[in-house]
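In what follows, a structure is listed as structure tokens, so that the remarks can point back to it.
In our numbering, the protein residues as written are 1196 to 1474.
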């Protein structure tokens, strides 16, 4: 625990909270229902989908974590440690996803949250969970940041990993070059971690399947250390496939700290027919 985390209600995000894009770029606007329940909605722009039209898992995770935040952040300064997302319906026909979040367990050193994703008809399309480590109580003065407006769903939107400051290296790998207010000045925010590791896993899995027309079925991200320096390089370390299914494990490494592993993501995907071929 640092002195800043103990003294400032926003902890290590105090210097970047007004510019942080993780939630704002998605127009995430969570609403607390009571002390342990909250709701959110994610509008499914085209940049939040795979080339096959299926939902990406990282935006769902970010919307889920934002819904959790309105319940847990006013109470404790936390460090996210693990995220799990399961998608049972790829959402190719959906314009938006609704998030029903809750705080499932609050312990002295850890907090556990979960969420169900559904459509307007309350049809379940997926679910998720998150684990958090408690750093210290949130000091007085915390106000949850105002939601952003997102961006218009136009045909020239960049890939989501580019919007989250990612770039492609000469060796073909994806990286986040450095820390900046949009993604965190003290340490890398979990939003960019989720986005760039999912993108790297999708590319590797598409290569194994021979097609990028895939749907994401499962994402698990484990954050093992803070990203302090950069560049942060997303390295696919294991890829496997069988029939129409592929899975990939990606390590996010802090190249400025001797390639220390910051996070790992395991993504499971399935080759599907293009949306146009279903009609």
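For each residue, glycine too, the CB sits at the ideal point set by N, CA and C.
Beta-carbon contacts of residue i that lie in its chain and below 8 Å, excluding the five residues immediately before and after
| i | result |
| --- | --- |
| residue 1157 | Absent from the structure is residue 1157, since the part of the chain shown begins at 1196 and ends at 1474. |
| residue 1474 | Bear in mind that the predicted position of residue 1474 carries a pLDDT of just 39, short of 50, making it unreliable; the figure below should be weighed with that in mind. Contacts found: none. |
6 Å CB neighbourhood of residue i in its chain, flanking five on each side removed
| i | result |
| --- | --- |
| residue 1434 | 1399, 1403 and 1443 |
| residue 1450 | 1426 and 1428 |
| residue 1293 | 1236 and 1313 |
| residue 1361 | 1369, 1371 and 1391 |
| residue 1439 | 1465 and 1466 |
| residue 1445 | 1392, 1395, 1396, 1429, 1431 and 1460 |
8 Å Cβ cutoff, residue i in contact with chain D
| i | result |
| --- | --- |
| residue 1397 | No chain D is part of this structure, which consists of one protein chain only. |
The beta strand (DSSP E) enclosing residue i, as first and last residue numbers
| i | result |
| --- | --- |
| residue 1237 | 1232–1238 |
| residue 1358 | Not the beta strand (DSSP E): residue 1358 falls in the alpha helix (DSSP H), residues 1355–1358. |
| residue 1458 | 1455–1466 |
| residue 1297 | 1291–1301 |
| residue 1274 | 1271–1282 |
| residue 1411 | 1409–1418 |
| residue 1434 | 1427–1437 |
Residue i, DSSP secondary structure in three states
| i | result |
| --- | --- |
| residue 1313 | strand |
| residue 1387 | helix |
| residue 1446 | strand |
| residue 1209 | coil |
| residue 1248 | coil |
| residue 1368 | coil |
| residue 1401 | helix |
| residue 1222 | coil |
First through last residue of the alpha helix (DSSP H) which encompasses residue i
| i | result |
| --- | --- |
| residue 1259 | 1252–1267 |
| residue 1327 | Note, residue 1327: premise wrong, no alpha helix (DSSP H); beta strand (DSSP E) at 1319–1332. |
Residue i versus residue j: straight-line alpha-carbon distance, rounded
| i | j | result |
| --- | --- | --- |
| residue 1200 | residue 1268 | Confidence at residue 1200 is low in this model, with a pLDDT of 49, below 50, so the placement of that residue should be treated as unreliable; the coordinate-derived value is given next. Each residue's alpha carbon lies about 13 Å from the other. |
| residue 1279 | residue 1325 | 6 Å |
| residue 1299 | residue 1312 | 16 Å |
| residue 1401 | residue 1409 | 7 Å |
| residue 1316 | residue 1323 | 19 Å |
| residue 1276 | residue 1468 | 35 Å |
| residue 1421 | residue 1206 | 14 Å |
| residue 1285 | residue 1304 | 35 Å |
| residue 1375 | residue 1274 | 19 Å |
Cutoff 7 Å; reference residue i; Cβ partners in own chain excluding five residues on either side
| i | result |
| --- | --- |
| residue 1356 | 1369, 1390, 1391 and 1394 |
| residue 1476 | This structure does not reach residue 1476, given that the chain is present from 1196 up to 1474, and the question cannot be answered. |
| residue 1377 | 1214, 1215, 1216 and 1360 |
| residue 1241 | 1348 and 1352 |
Margin query: Between the stretch 1305–1314 and the stretch 1260–1268, can you find at least three pairs of beta-carbon atoms closer than 8 Å?
Written below: yes
Next item on the list: Assess, as a yes-or-no matter, whether the stretch 1333–1340 is touched by the stretch 1352–1370 under the definition of 3 or more beta carbon pairs within less than 8 Å.
Entry: no
Check: Is it a yes or a no for the stretch 1385–1394 touching the stretch 1224–1235, going by three-plus beta-carbon pairs under 8 Å?
Finding: no
Next item on the list: Would you check if there are 3 or more beta carbon pairs closer than 8 Å linking the stretch 1454–1471 to the stretch 1405–1417?
Entry: yes
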